[in-house]
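Asks: Mind looking over this structure? Questions follow.
2 protein chains.
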Amino acid sequence: MSKSSKTVSPAKTVRENSFGWMTKILCASLDAEMRRELKHLGLSLDQFAMLMTLAEAEGLTQTALGSRISMPGYATTRTIDALEEMRYVERRKDERSRRSYRIYLTDQGRTVIPGLFVIVKKVNGQLLSVLSSDEKKQLMTIYKKIVTARFD
Amino acid sequence: MSKSSKTVSPAKTVRENSFGWMTKILCASLDAEMRRELKHLGLSLDQFAMLMTLAEAEGLTQTALGSRISMPGYATTRTIDALEEMRYVERRKDERSRRSYRIYLTDQGRTVIPGLFVIVKKVNGQLLSVLSSDEKKQLMTIYKKIVTARFD
DNA sequence: TCATAAAGATTGCATTTGCAAGTATTGTAT
DNA sequence: ATACAATACTTGCAAATGCAATCTTTATGA
């Protein structure tokens, strides 16, 4: 074995250099942090995502709402069930179609939104705190490129 | 409203520019692709990760094996149960300690490994195909920086 | 040495998840 | 107008997940 060769297995090299793997590690770590932050509020990640989407646009049908965050129908139903239970959200009958509802934040729901923005800022901040501003720009460019390629 | 202002809500801007959010989208998309690839092999993502780890190092205890992929003890037990059921893996009694097992690939298990490397290459390749080689280097540097900061 | 704690692994049980099937309503084509 | 397909949403049920308790074995300290 030559002096310069590394004593790592090929498998190790593959895993540690895998973008997919690193993305997963990062994602798991972010999820854990978000969950921890959301715990005091009694919110799951799905419920959080739904509330953020409602902060962006109210009055959509369940399907439209769910599709914004790639949430399947059954999960959308259940997430809204839970948020309705907490009085953060309400279903209103659609005026044109009796098979769909339009989803709105309640006043009570509106009060929790600002705290959610704070959490997002905090978690993203931690994530990015080790990067230079050049690197942040690079990462954003790269992410957008990848995500765009996947969904267009 | 000035000519140059964009007609998007603040919420939308926050979500679409959130690194955490984009990481999650990317991760979900990767997971779905991996699951699809692994389906013919009858493997879950956890089982896949365990087999890849075994390709990297055999003869570890369950706990050691699980800790390499941040898998909690109970999940490690169950993943190994399933892989043992498929005859891809076997538990051998530890010679020094009667409370632990050492985990090894079986011959049959070894035959599936090459296919797993192919899948990893394929999925990572798709992920990165839209990036220039400079961008790939940048992404790797950035990922390593973030992941290192989180776990050291 | 003996009690007590810690480590390694497993499992019971409740919750979550996801598929597939269900209901009700609306759209489409003959 | 009628039959058939598609849409919107819900739900039953089985599998996956996760917490906490358990069992066994090993380590630690007085």
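Heads up: the sequence lines are chains L and Z, in that order.
Numbered per the numbering used here, the first sequence spans residues 254 to 405.
Numbered per the numbering used here, the second sequence spans residues 254 to 405.
All C-beta atoms in this analysis are idealised placements derived from N, C-alpha and C, irrespective of residue type, glycine included.
Between the region 367-395 of chain Z and chain L, which residues of the former have a C-beta closer than 9 Å to a C-beta of the latter?
Replies: Of all residues in the region 367-395 of chain Z, 370, 373, 374, 376, 377, 379, 380, 381, 382, 383, 384, 388, 389, 391, 392, 393, 394, 395 have a Cβ within less than 9 Å of some Cβ in chain L.
Asks: Beta-carbon within less than 8 Å of residue 336/Z's beta-carbon, same chain only, minus the 5 sequence neighbours each way: which residues are those?
Replies: As a first step, residue 336/Z must be located in the second sequence, where it is residue number 83. Counting only Cβ-Cβ distances below 8 Å, and skipping sequence neighbours, we find 300, 303, 304, 342, 362.
Asks: Starting from residue 288/L, follow the alpha helix (DSSP H) in both directions and report where the run begins and ends.
Replies: For the purposes of this step, residue 288/L is identified with residue 35 of the first sequence, where counting begins at 1. Note, residue 288/L: alpha helix (DSSP H), 272-292.
Asks: On the three-state DSSP scale, how would you describe residue 239/L?
Replies: Because chain L is modelled from 254 through 405, residue 239/L falls outside the range shown and cannot be assessed.
Asks: Kindly list the residues whose CB is nearer than 7 Å to the CB of residue 393/Z, restricted to its own chain and excluding five residues on each side of it in sequence; keep chain order.
Replies: Walking along the second sequence from the start, residue 393/Z turns up at place 140. Closer than 7 Å at Cβ, skipping near neighbours: no residue.
Asks: Using only the alpha-carbon positions, how far apart do residue 277/L and residue 382/L sit?
Replies: Position 24 of the first sequence holds residue 277/L. Position 129 of the first sequence holds residue 382/L. Near 19 Å, if we compare the C-alpha coordinates of residue 382/L and residue 277/L.
Asks: With a threshold of 7 Å between beta-carbons, can residue 403/L be considered close to chain Z, or not?
Replies: As a first step, residue 403/L is located in the first sequence; it is residue number 150 there, counting from the start. Yes - at least one Cβ of chain Z is within 7 Å of the one on residue 403/L.
Asks: With a cut-off of 8 Å on the beta carbons, I'd call residue 356/Z and residue 307/Z a contact; round off their distance for me.
Replies: If you number the second sequence from 1, residue 356/Z lands on position 103. If you number the second sequence from 1, residue 307/Z lands on position 54. 7 Å between Cβ atoms; contact.
Asks: Which chain Z residues sit within Cβ distance under 8 Å of residue 320/L?
Replies: Here residue 320/L refers to the residue found at position 67 when the first sequence is read from its first residue. Within 8 Å Cβ-Cβ: nothing; residue 320/L doesn't reach chain Z, min ~13 Å.
Asks: Any chance you could list the beta strand (DSSP E) runs of at least 3 consecutive residues sitting entirely within the region 300-360 of chain Z, in chain order?
Replies: Those beta strand (DSSP E) runs which fall completely within the region 300-360 of chain Z and span 3+ residues are 342-346, 354-358.
Asks: Check residue 380/L in the structure and name its three-state DSSP category.
Replies: One-based indexing of the first sequence puts residue 380/L at position 127. It is helical.
Asks: State the Cα-Cα distance for the pair residue 270/Z and residue 314/L, rounded to the nearest angstrom.
Replies: Counted from its first residue, the second sequence places residue 270/Z at position 17. Counted from its first residue, the first sequence places residue 314/L at position 61. Residue 270/Z and residue 314/L: Cα-Cα distance of roughly 24 Å.
Asks: Is residue 325/L a contact residue of the ligand NAP, with contact defined as CB to any heavy atom under 6 Å?
Replies: Among the components modelled here there is no ligand, and therefore nothing to report on the ligand NAP.
Asks: Could you tell me if residue 273/Z is buried or exposed, where buried requires 16 or more neighbouring beta carbons within 10 angstroms of its beta carbon?
Replies: Looking up residue 273/Z in the second sequence gives position 20. Its Cβ being crowded by 16 or more others within 10 Å, residue 273/Z is buried.
Asks: Evaluate residue 329/Z with the Cβ neighbour count: other Cβ atoms within 10 Å of its Cβ, from every protein chain shown; 16 or more gives buried, anything less gives exposed.
Replies: Residue numbering aside, residue 329/Z sits at position 76 when the second sequence is read from its first letter. Buried, by the Cβ-count rule.
Asks: When you compare each of 401/Z, 295/Z, 312/Z, 390/Z to residue 365/Z by their alpha carbons, which one comes out closest?
Replies: For the purposes of this step, residue 365/Z is taken as the residue at position 112 of the second sequence. Of the listed residues, the one whose Cα sits closest to residue 365/Z is 295/Z.
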